[in-house]
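**Student:**
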Amino acid sequence: MVKVTVCGAAGGIGQPLSLLLKLNQNVDELSLFDVVNVPGVGADLSHICSDSKTESFVPSSKEDKSALANSLKGSDLVIIPAGVPRKPGMTRDDLFNINASIVRDLAQGIAENAPKAFVLIISNPVNSTVPIVAETLKKNGVFNPQKLFGVTTLDIVRANTFISQLYAKETKPSDFNINVIGGHSGETIVPLYSLGNSKSYYEKLSQDDQKALIHRVQFGGDEVVQAKNGAGSATLSMAYAGYRLAESILKSFKESSVVECTFLNLDESIKGAKEAKQLINGLDFFSLPVKLGVNGIEEVHYQVLQQISDDEKKLLQVAIDQLTKNIEKGVAFIKN
Ligand code: NAD
Ligand code: LMR
């Protein structure tokens, strides 16, 4: 029996993500938590004739902790798209003041009610919210670095789509699976087009076109924020991306060799994490391709860091500098 809980299930991401999870044959129980509107979303999804059971939970007051506790109890996987999205002109870091405490409180609920669950963090700024969750779980003595995932999958999805659009006659987006490493905001996002089957296409581009492609992946979120014009940020593509990571994790309970990029805590107990850290100035959190398994993250594919081009090395250095501050900010929020 697999139970998945979505925290923030009534939101722009939460609703389509919950729909996709409702259709997944590997999910037996879908638990929906939000501070508003979730009974309606739950009732709606519960009419779908897929085999999973759907339950929704909303607190009766600000003090009511039982709804969150009941939504989380017995969860194998918890996905968090709770919190406010950007408006035009804002950075993801501008969301910190509101989202940091939302994510901290949800992480506290996980520590108390589902300490063994896999936890996927979508709420921005991911570069800081993932350290917040790690520190909260550590404080409660239940942190397992193999089971905490910062969701950067939308960057991979965009990287695949955008290069394919440049070669629309010869390629499909699904031909690609670009490794995107670093973090999830602007210049911390580093797509590695020089590796794998994208290399030959990427190298055929002029230097200006290469720069434009990298910039589009790094700032793809802004395209959506601007197009939505004050009505939020990416929700549908994000639901797809979050679902892809969740689906891969569920798949890895049964198959080996599932690999995805994720923003993880490079705890040295994870194979390859120590080697990765040495190549990125000792950062504690970073997105890299990882091998998934029944226990979560089984191995970090640090080798990509040794294979990147000189141009990508320069992008990496910029990413490392920015990430250092983002990570420190998240850690300090819990420690101080
Ligand atoms: P939204 O405002 O549409 O939905 C957020 C939901 O969270 C709302 O339903 C709200 O009621 C709920 N919520 C607020 N406080 C809560 C709490 N304490 N517990 C549970 N639920 C709570 O926003 P959205 O568009 O769905 O975006 C959600 C977050 O995801 C934002 O922070 C956004 O920046 C982020 N995001 C991340 C990525 C990524 O790639 N990681 C991509 C897109 C958006
Ligand atoms: C994205 O990349 O689309 C998300 O992080 C949302 C945003 O604020 O851009």
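In UniProt numbering, the protein residues as written are 1 to 336.
Using N, Cα and C, we set each Cβ at its ideal position, and we do this for glycine too.
Is G182 near the ligand LMR - that is, is its Cβ less than 7 Å away from at least one heavy atom of it?
**Tutor:** No.
**Student:** Are three or more beta carbon pairs between the stretch 158-169 and the stretch 212-219 nearer than 8 Å?
**Tutor:** Flag = yes, the stretch 158-169 and the stretch 212-219 touch.
**Student:** Spatial neighbours of Y167 within its chain, please: CB distance less than 7 Å, with the 5 preceding and 5 following residues excluded, ordered by chain position.
**Tutor:** Taken in chain order, the residues that qualify are Y201.
**Student:** Which two residues bound the contiguous beta strand (DSSP E) that contains F263?
**Tutor:** Its beta strand (DSSP E) spans residues V258 to N265.
**Student:** Just to confirm, does N99 get its C-beta within under 7 Å of one of the non-hydrogen atoms of the ligand NAD?
**Tutor:** The answer is yes for N99.
**Student:** Within the UniProt domain "Lactate/malate dehydrogenase N-terminal" (2-150), note down every full beta strand (DSSP E) run reaching 3 residues or more, in order along the chain.
**Tutor:** Whole beta strand (DSSP E) segments, 3+ residues: 3-7, 29-33, 53-57, 77-80, 118-121 and 148-150.
**Student:** Would you be able to state if there are at least three C-beta pairs under 8 Å between the stretch 6-18 and the stretch 232-241?
**Tutor:** The answer is yes - the stretch 6-18 touches the stretch 232-241, with three or more Cβ pairs under 8 Å.
**Student:** Ordered along the chain, which non-local residues of its own chain (more than five positions away) have a Cβ less than 8 Å from that of S128?
**Tutor:** So the list reads D93, F96, A100, N326, I327, K329, G330 and F333, once near-sequence residues are dropped.
**Student:** What residue does the beta strand (DSSP E) around F333 start on, and which one ends it?
**Tutor:** No beta strand (DSSP E) contains F333, which is instead part of the alpha helix (DSSP H) from D310 to K335.
**Student:** Using a 10 Å radius around the Cβ and a threshold of 16 neighbouring Cβ atoms, would you call D267 buried or exposed?
**Tutor:** Per the 10 Å Cβ criterion, buried.
**Student:** Out of curiosity, what's the CA-to-CA distance linking D64 and L77?
**Tutor:** One C-alpha to the other measures close to 23 Å.
**Student:** Would you say the beta carbon of G221 comes nearer than 7 Å to a heavy atom of the ligand LMR?
**Tutor:** It does: the Cβ of G221 is within 7 Å (strictly closer) of some heavy atom of the ligand LMR.
**Student:** Answer yes or no: do A67 and S123 have a C-beta to C-beta separation smaller than 8 Å?
**Tutor:** It is not a contact, given that the beta carbons lie outside the stated cut-off.
**Student:** Taking the beta carbon of E312 as the centre, do at least 16 other beta carbons fall within 10 Å, making it buried, or is it exposed?
**Tutor:** Buried, because 16 or more other Cβ atoms sit within 10 Å of the Cβ of E312.
**Student:** Measuring from the CB of A82, is there a heavy atom of the ligand LMR at a distance below 7 Å?
**Tutor:** A82: no, Cβ never under 7 Å from the ligand LMR.
**Student:** Thinking just about the alpha-carbon of each residue, which of D51, S52, G14 and C49 is nearest to the one in V36?
**Tutor:** If we check each option's Cα against that of V36, G14 comes out closest.
**Student:** Pull the bridge partners of F285 from the DSSP assignment, please.
**Tutor:** DSSP lists N265 as partners of F285.
**Student:** On the premise that Q218 lies in contact with I189, defined as a C-beta separation below 8 Å, what is that separation, rounded to the nearest angstrom?
**Tutor:** Sure, about 5 Å apart at Cβ, within 8 Å.
**Student:** In this structure, does DSSP put E299 in helix, strand or coil?
**Tutor:** Three-state DSSP puts E299 in a strand.
**Student:** Who pairs with K291 in a beta bridge, going by DSSP?
**Tutor:** In the DSSP output, where bridge partners are listed per residue, K291 has V259 and E299.
**Student:** Mind checking K281: buried by the 16 CB within 10 Å criterion, or exposed?
**Tutor:** Reading the sequence as shown, one finds Asn at residue 281 and not Lys. Exposed is the call here.
**Student:** Pick helix, strand or coil for G221, following the three-state DSSP scheme.
**Tutor:** Helix, per DSSP.
**Student:** Just checking, does the stretch 148-155 make contact with the stretch 225-233 on the three C-beta pairs under 8 Å criterion?
**Tutor:** Flag = no, the stretch 148-155 and the stretch 225-233 do not touch.
**Student:** Would you identify the three-state DSSP class for I270, choosing helix, strand or coil?
**Tutor:** Here I270 sits in coil by DSSP.
**Student:** So, helix, strand or coil for I280, using DSSP?
**Tutor:** Looking at I280 - three-state DSSP - the assignment turns out to be coil, as it is neither helix nor strand.
**Student:** For the alpha helix (DSSP H) that G242 lies in, which residues bound it at each end?
**Tutor:** Note, G242: alpha helix (DSSP H), L236 to S252.
**Student:** Return the bridge partner residues of I189 from the DSSP annotation.
**Tutor:** Paired residue(s): G182.
**Student:** Excluding sequence positions up to five away, which residues of its chain have a Cβ less than 8 Å from the Cβ of Q226?
**Tutor:** Here the set comprises P88.
**Student:** Terminal residues of the continuous alpha helix (DSSP H) containing E203?
**Tutor:** Residues K199 to K204.
**Student:** Confirm the yes/no value for this check: CB of residue 341, any heavy atom of the ligand NAD, distance under 7 Å.
**Tutor:** The chain is shown from 1 up to 336; residue 341 falls before or after that span and cannot be answered.
**Student:** What first and last residue would you give for the alpha helix (DSSP H) that runs through D176?
**Tutor:** Strictly speaking, residue 176 in this sequence is Phe, with Asp absent from that position. It is not in any alpha helix (DSSP H) - F176 carries neither H nor E in the DSSP assignment.
**Student:** So is T5 buried or exposed if we call it buried at 16+ other beta carbons inside 10 Å?
**Tutor:** It counts as buried.
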